[in-house]
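Peer 1: Residue numbers (my numbering): 231 to 613.
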Amino acid sequence: MPIVTCIEDLKRLHKRRAPKMFFDYAESGSWTEQTFRENTTDFEKIRLRQKVAVDMSDRSTAGRMLGEKVAMPVALAPVGMTGMQNADGEIKAARAAEKFGVPFTLSTMSICSIEDVAEHTSAPFWFQLYVMRDEDFVDRIIERAKRAGCSALVLTLDLQLLGQRHKDLKNGLSAPPKLTPATMLDLSTKWTWGLEMLRTKRRQFGNIVGHASNVEDARSLMKWTAEQFDLKLDWEKVRKIAAKWDGKLILKGIFDADDARKAVECGADAIVVSNHGGRQLDGALSSIRILPSIVREVKGETEIWLDSGIRSGQDVLKALALGADATMIGRAWLYGLGAMGEKGVTAALEVIRKELDLTMALCGERDVADLGPHNLLVPRDFE
Ligand code: FNR
231 MPIVTCIEDL KRLHKRRAPK MFFDYAESGS WTEQTFRENT TDFEKIRLRQ
281 KVAVDMSDRS TAGRMLGEKV AMPVALAPVG MTGMQNADGE IKAARAAEKF
331 GVPFTLSTMS ICSIEDVAEH TSAPFWFQLY VMRDEDFVDR IIERAKRAGC
381 SALVLTLDLQ LLGQRHKDLK NGLSAPPKLT PATMLDLSTK WTWGLEMLRT
431 KRRQFGNIVG HASNVEDARS LMKWTAEQFD LKLDWEKVRK IAAKWDGKLI
481 LKGIFDADDA RKAVECGADA IVVSNHGGRQ LDGALSSIRI LPSIVREVKG
531 ETEIWLDSGI RSGQDVLKAL ALGADATMIG RAWLYGLGAM GEKGVTAALE
581 VIRKELDLTM ALCGERDVAD LGPHNLLVPR DFE
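1. With which residues is Met300 paired in a DSSP beta bridge?
2. Measure from the alpha carbon of Pro354 to the alpha carbon of each residue in Ile371, Glu580, Arg325, then state which is nearest.
3. With a threshold of 8 Å (Cβ to nearest heavy atom), would Val309 be considered close to ligand 1?
4. Within 8 Å: the Cβ of Ser337 and any heavy atom of ligand 1?
5. Could you check if Ile233 is buried or exposed, using at least 16 other CB atoms within 10 Å of its CB as the buried criterion?
6. Taking 8 Å as the line, does the beta carbon of Leu586 fall inside it for any heavy atom of ligand 1?
7. Going along the chain, which unbroken runs of the beta strand (DSSP E) with 3 or more residues stay wholly within the segment 386-470?
8. Quick test of your reading: Trp261 and Asp512, contact by CB under 8 Å. State the CB separation rounded to the nearest angstrom.
9. Would you mind sorting Glu274 into buried or exposed? The rule is 16 or more other CB atoms within 10 Å of its CB.
10. When DSSP labels each residue in this structure, what does Ala382 get in the three-state scheme?
11. Rounded to the nearest angstrom, what separates Gly602 and Ala556 at their Cα positions?
12. Measuring CA to CA, which of Arg374, Leu550, Thr455, Asp388 is closest to Asp464?
13. Starting from Trp563, trace the alpha helix (DSSP H) in both directions and tell me its first and last residue.
14. Pick out the complete alpha helix (DSSP H) segments inside the segment 509-537, 4 residues or longer, and give them in chain order.
15. If we count the other Cβ atoms within 10 Å of its Cβ and call it buried at 16 or more, is Pro333 buried or exposed?
16. Suppose contacts are defined by Cβ-Cβ distances below 9 Å. Is Pro526 in contact with Gly497 by that definition?
17. Give every residue of the same chain whose Cβ lies closer than 7 Å to the Cβ of Ala375, excluding the five residues on either side of it in the sequence, and list them in chain order.
18. Report the residue from Leu392, Arg242, Thr413 whose alpha carbon sits nearest the alpha carbon of Asn401.
19. Any contact between the segment 362-370 and the segment 447-458? By contact I mean 3 or more CB pairs, one from each, below 8 Å.
20. What is the DSSP secondary structure of Met311, counted as helix, strand or coil?
21. Kindly indicate the opening and closing residues of the beta strand (DSSP E) around Leu481.
22. Do Thr430 and ligand 1 come close, with the Cβ less than 8 Å from some heavy atom?
23. Give me the Cα-Cα distance between Met286 and Asn605, rounded to the nearest whole angstrom.
24. If we call anything under 9 Å between Cβ atoms a contact, is Gly543 one with Asp476?
25. Alpha carbon to alpha carbon, how far is Arg279 from Gly574?
26. For Thr576, verify whether its CB is less than 8 Å away from any heavy atom of ligand 1.
27. Do Leu403 and Met251 have their C-beta atoms closer together than 9 Å?
28. Tell whether a beta-carbon distance below 9 Å holds between Ser523 and Asn505.
29. Could you check which residue in Glu595, Leu607, Ala577 has the C-alpha nearest to that of Glu238?
30. If you draw a straight line from the C-alpha of Leu240 to the C-alpha of Thr271, how long is it?
31. Can you name, in chain order, every residue of its own chain whose Cβ lies under 8 Å from the Cβ of Asp398, other than the five neighbours on each side?
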């Protein structure tokens, strides 16, 4: 097993092991990728305050999300097509999260289905829903998530239209990959990936194929998906969907203080301050920059989580210190999965926990609940 000291190591290994079209799918942002880049570079602009001579013998990264204890306040964000980065990827990631003691979120656009993941895990996971125009499909998938014991519904609100990612268009992204001279050449060097993929039957979007009308294979699925994201999504519809779900509700993609207020009025147990990892509105601010305005509006009325740009335990600490109650990671765990399957997701979580723990200690903090602006030096023009 290679020595992994940081998330960047996992990214390098992911790039080496996975087919180019899937690594590029993970790594890209929309259009110029400005927001994608600034999601990470803005974290670097915030500096940490060192504190000394504080008893550090008894400290913990443990926290709570939706009232449940977690090993650290970091959940695995929903990621589409994970099962293409590594065969049965969603099952592997869910198992790693379960063993580590953090929540896993399954995407609507996953390769393994809700039932596949439920069969191979014992802890309840969360299910992420994109609002589709086919209301029967939405009703049925909510019922499936309930039957599988999912403990929270993550409703993603920032993808009524798909942001354009140039690399995906140029690579002809599809699952499973279409065989062209370019993909065949690439796949010939990715034989570990290929062998594992041949061994699994899960190569299609298991939540959708066979469950939506007239979607029986990859081709009909692409057509269906292109027509299905609901352009008419509004707060009334959010309320209607929320009423169908009995458990905890998380609204993801909140990036504006007024929208955060509306999310609270819809009964959100948590909101995720997220620009979808820079994959949707290019030109939007980074998530860490927008966070304080949302904290001022709704802190204490719902849990405020942040994602987009987190690549280290230091980033987690900075988000918590600026007022987030918890965080989610997308690419950080995906790189781990693409690099080394379940072990890689565990490695990503271990890296982040170690970094969070050590940084807390050097900042003179013993408990994540005590982190605050006093730990940071934030540039004056940051907001
Ligand atoms: C995503 N994201 C996402 N979000 C969602 O609600 N449903 C989905 O299916 C997906 N799919 C997806 C695929 C890939 C490849 C990426 C990178 C991201 C967004 C994801 O949940 C999260 O908001 C971002 O990944 C957070 O940014 P970082 O941590 O990747 O920088």
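Backbone N, C-alpha and C fix where the C-beta goes; we use that ideal spot for every residue, glycine too.
Peer 2: For this structure:
1. Within the sequence shown, residue 300 is the residue found at index 70, counting from 1. Note that residue 300 corresponds to Val in the displayed sequence, not to Met. In DSSP, Val300 forms a bridge with Gly293.
2. One-based indexing of the sequence shown puts residue 354 at position 124. Checking every option, the nearest Cα to that of Pro354 belongs to Arg325.
3. Within the sequence shown, the letter at position 79 stands for residue 309. At a threshold of 8 Å, Val309 counts as near ligand 1, since its beta carbon sits closer than that to one of the ligand's heavy atoms.
4. What you label residue 337 is simply residue 107 of the sequence shown in a count that begins at 1. Flag set: Cβ of Ser337 near ligand 1.
5. Numbered from 1 along the sequence shown, position 3 holds the residue referred to as residue 233. It counts as exposed.
6. As a working mapping, residue 586 is identified with position 356 in the sequence shown. Not so, every heavy atom of ligand 1 lies at least 8 Å from the Cβ.
7. none
8. Locating residue 261 in the sequence shown gives position 31, where the first residue counts as 1. Locating residue 512 in the sequence shown gives position 282, where the first residue counts as 1. Correct: roughly 4 Å between the Cβ atoms.
9. To locate residue 274, count along the sequence shown from 1; it is residue 44. Result: exposed.
10. For this step, residue 382 is matched to residue 152 along the sequence shown. Note: Ala382 maps to strand in three-state DSSP.
11. Reading the sequence shown from its first residue, position 372 is the one you call residue 602. Reading the sequence shown from its first residue, position 326 is the one you call residue 556. Answer to the nearest angstrom: the Cα atoms are 13 Å apart.
12. Stepping through the sequence shown from its first residue, residue 464 is reached at position 234. Comparing Cα-Cα distances from Asp464 to each of Arg374, Leu550, Thr455, Asp388, the minimum goes to Asp388.
13. As a working note, residue 563 is residue 333 in the sequence shown. Note, Trp563: alpha helix (DSSP H), 561-592.
14. The qualifying runs are 517-528.
15. In the sequence shown, the residue the question calls residue 333 occupies position 103. Buried, by the Cβ-count rule.
16. Numbered from 1 along the sequence shown, position 296 holds the residue referred to as residue 526. Numbered from 1 along the sequence shown, position 267 holds the residue referred to as residue 497. The question names Pro, but residue 526 is Arg in the sequence shown. The Cβ atoms of Arg526 and Gly497 lie no closer than 9 Å to each other.
17. Translated into positions along the sequence shown, residue 375 becomes position 145. Result list for Ala375: Ile344, Phe357, Leu383, in chain order.
18. If you number the sequence shown from 1, residue 401 lands on position 171. Nearest C-alpha to Asn401: Thr413.
19. yes
20. Residue numbering aside, residue 311 sits at position 81 when the sequence shown is read from its first letter. Looking at Met311 - three-state DSSP - the assignment turns out to be coil, as it is neither helix nor strand.
21. The residue you call residue 481 lines up with position 251 of the sequence shown. From DSSP, the beta strand (DSSP E) with Leu481 extends over 478-484.
22. Here residue 430 refers to the residue found at position 200 of the sequence shown. Not one heavy atom of ligand 1 falls within 8 Å of the beta-carbon of Thr430.
23. In the sequence shown, counting from the first residue as 1, residue 286 sits at position 56. In the sequence shown, counting from the first residue as 1, residue 605 sits at position 375. Using only the alpha carbons, I get a separation of about 16 Å.
24. Locating residue 543 in the sequence shown gives position 313, counting from the first residue. Locating residue 476 in the sequence shown gives position 246, counting from the first residue. Cβ distance not < 9 Å, so Gly543 and Asp476 don't count as in contact.
25. Within the sequence shown, residue 279 is the residue found at index 49, counting from 1. Within the sequence shown, residue 574 is the residue found at index 344, counting from 1. Using only the alpha carbons, I get a separation of about 31 Å.
26. Position 346 of the sequence shown, counting from 1, holds the residue named residue 576. Here the distance from the Cβ of Thr576 to the nearest heavy atom of ligand 1 is not below 8 Å.
27. Working through the sequence shown from its first residue, we reach residue 403 at position 173. Working through the sequence shown from its first residue, we reach residue 251 at position 21. In this structure, Met251 lies closer than 9 Å to Leu403 by Cβ.
28. Here the question's residue 523 lines up with position 293 in the sequence shown. Here the question's residue 505 lines up with position 275 in the sequence shown. In this structure, Ser523 lies away from Asn505, with their beta-carbon atoms at least 9 Å apart.
29. Walking along the sequence shown from the start, residue 238 turns up at place 8. Among Glu595, Leu607, Ala577, the Cα nearest to that of Glu238 is on Ala577.
30. Along the sequence shown, one-based indexing puts residue 240 at 10. Along the sequence shown, one-based indexing puts residue 271 at 41. Distance between the alpha carbons of Leu240 and Thr271 is about 19 Å.
31. Position 168 of the sequence shown, counted from the start, is the residue given in the question as residue 398. Once the five neighbours on either side are set aside, the close Cβ partners of Asp398 are Met251, Asp254, Tyr255, Ser258.
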